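Quick notes on the structure that follows.
There are 4 protein chains.
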Amino acid sequence: MPDLSGADFDALYQRLRGQSSWGPADRRGALNHITPGRLAAAAGEVRLGRTVTLAAPLAGSGADNPEPGARHMKHLPGEHSEMAGVSFAADHLMMNIHGDVDSHIDALCHVCHNGTLYNGVMPGAVTSQGASELSIEDAHDGIVGRGVLLDIPRFRGVQWLEPGDHVTVADLAGAEAAQQVRVGPGDLLFVRVGHRLRRNELGPWDVARSRAGLHPQAMEFLAERQVAVLGCDSNSDTAPSTVAGVAFPVHVLAIAAMGMHLLDYLQFDDLLSLCDAAGRWSFLAVIAPLRLSGGTGSPVNPIAIL
Amino acid sequence: MPDLSGADFDALYQRLRGQSSWGPADRRGALNHITPGRLAAAAGEVRLGRTVTLAAPLAGSGADNPEPGARHMKHLPGEHSEMAGVSFAADHLMMNIHGDVDSHIDALCHVCHNGTLYNGVMPGAVTSQGASELSIEDAHDGIVGRGVLLDIPRFRGVQWLEPGDHVTVADLAGAEAAQQVRVGPGDLLFVRVGHRLRRNELGPWDVARSRAGLHPQAMEFLAERQVAVLGCDSNSDTAPSTVAGVAFPVHVLAIAAMGMHLLDYLQFDDLLSLCDAAGRWSFLAVIAPLRLSGGTGSPVNPIAIL
Amino acid sequence: MPDLSGADFDALYQRLRGQSSWGPADRRGALNHITPGRLAAAAGEVRLGRTVTLAAPLAGSGADNPEPGARHMKHLPGEHSEMAGVSFAADHLMMNIHGDVDSHIDALCHVCHNGTLYNGVMPGAVTSQGASELSIEDAHDGIVGRGVLLDIPRFRGVQWLEPGDHVTVADLAGAEAAQQVRVGPGDLLFVRVGHRLRRNELGPWDVARSRAGLHPQAMEFLAERQVAVLGCDSNSDTAPSTVAGVAFPVHVLAIAAMGMHLLDYLQFDDLLSLCDAAGRWSFLAVIAPLRLSGGTGSPVNPIAIL
Amino acid sequence: MPDLSGADFDALYQRLRGQSSWGPADRRGALNHITPGRLAAAAGEVRLGRTVTLAAPLAGSGADNPEPGARHMKHLPGEHSEMAGVSFAADHLMMNIHGDVDSHIDALCHVCHNGTLYNGVMPGAVTSQGASELSIEDAHDGIVGRGVLLDIPRFRGVQWLEPGDHVTVADLAGAEAAQQVRVGPGDLLFVRVGHRLRRNELGPWDVARSRAGLHPQAMEFLAERQVAVLGCDSNSDTAPSTVAGVAFPVHVLAIAAMGMHLLDYLQFDDLLSLCDAAGRWSFLAVIAPLRLSGGTGSPVNPIAIL
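Protein chains in written order, with our numbering: chain R, 75 to 380; chain E, 75 to 380; chain G, 75 to 380; chain C, 75 to 380.
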């Protein structure tokens with residue numbers, strides 16, 4: 075897989091941006107691909123009446139989690155209560171929205187490239203008070219549609235893609251064929267690279283330096299198919315970057331050029347079992363970001379319903 | 075509405091607990107009412123292809139929010155980036171899981187009554203390290219089923235129930251009849267008391283002292299109908315309590331006796347418009363708690379899909 | 075007391091700034107008044123061998139504390155320990171550095187007026203990553219010198235100054251005479267307005283709107299006497315502001331013009347008793363800011379030693 | 075250096091506990107050694123008029139800091155302000171009180187051994203709401219006295235003590251003789267093992283597993299000399315423990331048996347230069363814990379004044 079030159083990347087960026095045009099006031103980007111008709115049709119994916127999480131539990135400290143979140147107890151139910159007849163267990167949560175292990179969604183304000191956010195919004199729209207444009211609140215009604223899981227390690231016949239390896243267009247198309255599923259307009263595409271399984275088996279490593287992800291050119295496949303959202307068990311971006319002078323090229327293309335929300339560090343192990351049992355790789359997918367006004371994203375627990 | 079004596083409440087507690095028996099090892103409680111068949115049938119509620127949030131944005135400080143959450147920026151996209159070709163907006167979240175304004179779900183470990191949690195679990199199961207039993211992780215695959223909204227102020231012909239007022243069995247049955255919907259087994263029941271609208275119109279008040287909710291006896295209606303989850307735009311409990319010697323009687327009955335997760339401080343205003351437009355009050359409901367191991371609940375953004 | 079016009083304030087600002095000149099590279103401001111000789115002399119104030127706190131305990135939520143800090147337990151000593159022969163109590167702290175109730179010190183980066191921080195430093199020196207100039211780390215070796223307490227309510231014969239009232243030059247000079255003490259070069263000046271006592275007696279109020287403090291012109295007294303630091307049991311600034319078009323004029327004059335660290339919301343009740351018993355109003359004062367690189371200030375517990 | 079058996083340790087514990095008796099109601103422990111006379115005499119140590127920090131800056135993530143604190147900006151002075159004529163820089167702090175890198179003081183509630191805290195206080199005195207006994211508030215007036223620094227690597231002629239090595243009674247006595255200083259009643263004893271220098275030179279390591287500290291028997295030296303407080307540039311405890319069946323034996327002896335506050339992870343590099351220049355190793359030391367009611371300790375910036 076050849077690396078991309080800066081000029082090649084620029085051309086790719088412009089091409090993808092040009093295909094994502096819902097007018098200058100648009101703030102929803104690729105979510106526009108989820109039409110009511112497509113959403114209603116997606117409900118037809120529910121047949122077994124089974125649900126499964128696509129998130130991993132809040133992680134502790136590790137090589138890929140230098141600033142872990144924490145959950146601290148505020149009240150214990152076995153202690154004296156000031157209230158009659160009842161005592162409560164309660165806790166307090168704190169966490170970074172992004173990072174390299176906890177499952178989360180990136181808002182469209184998350185990425186700035188060449189001095190602009192998605193659709194020409196200026197980076198000054200994000201201040202110490204949060205994002206006045208393109209925050210995660212733009213998805214406050216949830217993201218619901220047909221989900222499709224493409225399992226790249228299965229297609230390749232490996233346990234997982236090694237850090238540094240790329241998912242290519244050929245991988246995506248090959249997995250589609252092998253799994254007998256076709257990614258279509260408005261779909262929520264989930265691409266498994268095996269990151270979580272590798273982490274479970276070998277323990278965490280410094281993923282900021284080496285990570286499997288999608289090749290930037292694979293984003294052309296997503297644009298062509300009019301994918302609404304991309305989720306991955308890594309953060310979709312290979313490390314180190316294959317593009318000269320651009321770190322996180324998939325983030326740049328997806329979020330800044332295409333207006334596509336990314337779901338990072340998902341967990342597909344539970345879903346795999348269910349898809350295997352059901353003999354199909356599509357489902358109703360529901361993503362419910364917290365309502366964090368001005369937020370750059372949200373922790374999420376995407377739910378697949380089969 | 076007469077107040078309940080302690081003895082009356084005890085009898086009610088025992089009656090409801092007796093109707094909720096899935097064996098001594100059960101940790102899912104009323105979620106057991108959501109069978110695969112019922113869940114699959116609920117998908118049939120999706121016709122319009124529309125989604126809507128049942129949560130309110132993270133709230134700032136107020137009379138009902140003495141310990142507000144906060145979202146602090148970690149990086150601004152307009153500032154110097156150490157990475158080539160890209161800069162990020164990122165933030166950090168901290169918040170109490172419970173409280174009196176942010177939309178959240180209560181785990182079954184949240185309430186202790188008469189020295190036990192749900193199903194006889196000892197309160198010592200919750201330590202400074204979190205809940206080893208009955209944490210919100212027991213719902214990690216999400217809660218999905220048919221949702222039904224009963225709008226009590228609409229039934230009563232008022233804007234909202236005043237703080238201190240109760241939703242009774244007669245209100246629930248009356249609203250059902252008026253809205254031409256029937257709450258059934260495995261349903262996620264959402265009861266609107268108008269709390270959010272009152273807050274929006276009049277501003278926040280000290281809800282710990284005065285709040286509209288359900289009368290404890292109304293829980294018999296929920297048990298009989300085999301409701302899986304109860305959500306409310308208040309916290310379902312009237313203040314002050316109508317039961318001598320028991321604060322939060324609905325929390326005690328729902329969580330500790332019936333094993334029913336509660337959704338507190340939801341927001342139904344957006345859903346109301348959509349239900350009105352659709353001419354029906356049932357929908358597919360999806361609740362996706364964050365994966366907080368040991369947690370006493372989670373902030374949530376429940377999504378209704380019509 | 076006449077209000078100050080914008081022009082009067084500008085003239086006062088320029089006058090005070092002109093008297094505070096330690097060169098363009100200076101980052102310590104009025105701390106320069108504390109020479110080794112003065113510091114060593116201040117140690118002579120220690121005679122009784124008694125110490126006393128000038129801080130108040132971390133406060134809970136209140137009308138003057140809409141975003142309270144919190145201390146959450148991480149481990150309880152009575153719970154199971156993974157370590158042999160020992161178990162620990164441990165906790166986690168979170169708090170805003172500034173605010174209107176917790177005792178803290180303001181770094182010189184805290185205040186921006188007319189587009190600059192102290193000594194012409196540009197506000198862009200403070201980014202989402204903190205202050206690269208004028209942070210509290212500039213005082214990392216502590217602030218130690220002779221402290222003098224002027225008790226204005228005692229001089230006036232009242233319990234406390236009512237919110238909105240000003241400490242004037244006449245008050246400062248009068249209290250000096252009454253207390254038989256003279257504020258001199260390098261002193262840490264503590265001015266009591268009775269804010270804490272009023273809060274203890276009447277409960278917290280919305281201090282952002284009404285608060286006793288120093289009249290802006292009183293800063294001329296501090297400049298003339300070469301005071302090194304100003305501490306107050308309010309935040310030194312009267313509310314509402316007496317200056318047209320400038321909120322927090324004392325903050326602006328002290329920090330931005332004079333380079334003077336401010337200590338806000340101290341507690342002098344314990345010190346009062348000790349000074350009374352000792353029959354004098356000067357002491358060795360030690361302020362030990364936490365080492366928060368890039369920080370805009372620090373919670374502190376100033377210690378007076380008599 | 076032979077390891078201690080459990081029985082030897084028990085005997086040492088009882089011996090040291092027996093020497094620390096200020097009655098059953100005592101909550102100050104070894105702080106009782108600081109009498110007013112000794113404190114007043116300590117002020118005589120101030121001759122140069124110089125101050126120096128004994129703390130290190132708040133640390134980022136590292137092998138010895140898996141749950142780092144953070145300082146997040148709340149307002150930037152260069153952004154739009156809602157206030158006339160002024161804008162502020164402000165931030166928010168969060169951190170664990172204990173841990174293996176940030177300079178802090180341990181309260182007497184921090185350690186439980188054989189089912190009790192210091193002086194027979196039951197561990198149930200510490201709940202999710204904090205410590206009702208033996209919290210850091212017991213030192214709210216600060217800890218002030220004569221400080222003495224013993225530099226063990228200098229005495230040994232090495233850069234630092236390697237992890238696992240012990241400071242013995244012979245080391246303490248030898249350093250005293252070499253430095254021509256004698257530790258006496260009420261002194262704040264600071265023992266340098268070179269931990270910070272090693273960390274600066276070699277980078278952080280997993281100090282929970284290997285760390286230089288004091289040998290448990292060295293606590294007899296401290297008891298005999300009536301030391302008030304012990305501070306170290308590690309946490310005073312060697313790892314792995316030299317005592318069979320007791321982790322953190324110095325913590326157990328100092329805090330639980332002797333009622334001695336510990337200062338962990340201090341930084342003596344700045345102090346060393348000053349002591350060298352002054353030609354003496356004693357000084358006035360001031361420790362100002364934050365006023366954290368119920369707290370198990372506090373971040374601190376101890377100040378040495380020469």
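Glycine is no exception: its CB is placed at the ideal position from the N, C-alpha and C atoms. The structure displayed is predicted, hence computed values, not measured ones.
Of the residues A213/C, H149/C and L340/C, which one's Cα is nearest the Cα of G369/G?
H149/C
Could you give the distance in angstroms between the alpha-carbon of H214/C and the alpha-carbon of A130/G?
9 Å
Exposed or buried, which one is A99/E when buried takes at least 16 other CB atoms within 10 Å?
exposed
If you follow the alpha helix (DSSP H) that R89/R is part of, which residue opens it and which one closes it?
G80 to G92
For N106/R and chain E, any beta-carbon pair shorter than 8 Å?
no
Whole alpha helix (DSSP H) elements within the region 95-177 of chain E, 4-residue minimum
110-116
How would you list, in chain order, the residues of chain E whose beta-carbon sits under 8 Å from the beta-carbon of H166/C?
A144 and H146
Would you mind telling me which residues of chain E sit closer than 8 Å to S202/C, beta carbon to beta carbon, in chain order?
S202
The ligand COA and A158/C: does any heavy atom of the ligand fall closer than 7 Å to the residue's C-beta?
By its list of ligands, the structure shown contains no ligand whatsoever, and the ligand COA lies outside what it can speak to.
L296/R - DSSP class collapsed to helix/strand/coil
helix
Which residue's Cα is closest to the Cα of D77/C: P363/C, A359/C, G216/C and P290/C?
P290/C
Am I right that A163/G and H184/C are in contact with their C-beta atoms under 8 Å? What's the rounded C-beta distance?
5 Å
Straight-line CA distance for L167/C to S372/G?
9 Å
Using the beta-carbon count (16 or more within 10 Å), is L387/C buried or exposed?
Residue coverage of chain C in this structure runs from 75 to 380, which leaves residue 387/C outside it and unanswerable.
Contact between the region 191-198 of chain R and the region 87-107 of chain R is defined here as three or more beta-carbon pairs at a separation below 8 Å; is this criterion met?
yes
Cα-Cα, which of D338/E, A359/E and L358/E is closest to H172/E?
D338/E
Identify whether P373/R lies in helix, strand or coil by the three-state DSSP scheme.
strand
Tell me which same chain residues have a C-beta within less than 6 Å of the C-beta of G198/E, skipping the five on either side of it?
none
Any contact between the region 244-256 of chain E and the region 109-120 of chain E? By contact I mean 3 or more CB pairs, one from each, below 8 Å.
no
Using the Cβ count rule (16 or more neighbours within 10 Å means buried), how would you classify M332/C?
buried
Does the beta carbon of F162/E come closer than 8 Å to any beta carbon on chain R?
yes
Between which two residues does the beta strand (DSSP E) carrying S347/C extend?
Premise fails: S347/C lies in the alpha helix (DSSP H), D343 to A352, not in any beta strand (DSSP E).
Which one or two residues does DSSP pair with C306/R in a beta bridge?
V265/R
Under 8 Å between C-beta atoms, does P140/R make it to chain C?
yes
Whose Cβ in chain G lies nearer than 8 Å to the Cβ of D215/C?
T125, V126, T127, D344 and I377
Which residue's Cα is closest to the Cα of D180/R: A328/R, G136/R, L271/R and R121/R?
A328/R
Hey, V45/G and G159/C: beta-carbon distance below 8 Å or not?
Here chain G covers residues 75 to 380 and nothing more, so residue 45/G does not appear.
Does the beta carbon of S135/G sit closer than 8 Å to a beta carbon anywhere in chain E?
yes
Endpoints, alpha helix (DSSP H) assigned at F357/R
Careful: F357/R lies outside any alpha helix (DSSP H), inside the beta strand (DSSP E) at S356 to I361.
For G221/R, list the residues DSSP reports as bridge partners.
L262/R and F357/R
Contact residues within the region 268-294 of chain G, judged by C-beta distance below 8 Å to chain C:
none
Taking the straight line between their C-alpha atoms, what separation do you get for R354/G and L262/C?
28 Å
Pairwise C-alpha distance: P363/C and M169/C:
15 Å
Rounded to whole angstroms, what's the CA-CA distance from P288/C to S155/G? Just pull it up for me.
According to the sequence provided, residue 288/C is Leu. The question's Pro does not apply to it. C-alpha separation (whole angstroms): 23 Å.
Might you give, ordered along the chain, the residues of its own chain that have their beta carbon closer than 8 Å to the beta carbon of G216/R, omitting 5 neighbours on each side?
V360, I361, A362 and P363
Give me, in chain order, the residues of the same chain whose beta-carbon lies closer than 7 Å to that of G219/E; leave out the 5 immediate sequence neighbours on both sides.
I108, R112, L113, A116, G260, D261, L262, A302 and A359
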